[in-house]
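In this note's numbering, the protein residues as written are 296 to 415.
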């Protein structure tokens with residue numbers, strides 16, 4: 296058993312490191328908002344450095360990035376979401392279009408997630 300673990304560990308250490316991916320910055324992003332109180336869905340266009348209001352949420356986006364040549368695949372955006380009714384920030388960080396559950400916005404009446412970047 297020890298030899299198998301050692302051999303596996305040694306082979307993993309000899310693997311080539313992951314290659315860096317070339318990314319582009321979009322002009323903005325398309326977010327999707329869900330109002331759970333009335334089951335309505337809205338697509339929200341937001342520019343880099345811009346802000347959009349969705350219900351009682353103020354969503355600001357710093358930047359949206361995506362793999363070169365494919366604005367929909369693996370897009371990620373830095374968002375700051377503020378609940379204006381409560382006067383506090385409820386989300387700050389990178390949101391991934393391909394895996395929204397990894398860093399999701401958790402709010403009782405609203406869900407907001409990234410769909411894609413708007414290419415330049």
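Idealized CB from N, CA, C, for every residue including glycine.
Query	Result
Contact between the region 342 to 351 and the region 319 to 327 (3+ Cβ pairs under 8 Å)	yes
Straight-line gap, residue 389 to residue 334 (C-alpha atoms, nearest Å)	26 Å
Nearest-angstrom beta carbon gap, residue 395 and residue 409 [assumed within contact, 8 Å]	7 Å
Distance CB(residue 318)-CB(residue 377) smaller than 7 Å	no
Candidates 386, 415, 364 and 339: closest to residue 373 by CA position	386
Candidates 339, 340, 397 and 402, of which the one nearest residue 491 by Cα	The chain is shown only over 296 to 415; residue 491 falls outside these bounds and no answer can be derived.
Reduced DSSP category for residue 381 - H, G, I as helix; E, B as strand; rest coil	coil
C-beta atoms of residue 366 and residue 412 nearer than 7 Å	yes
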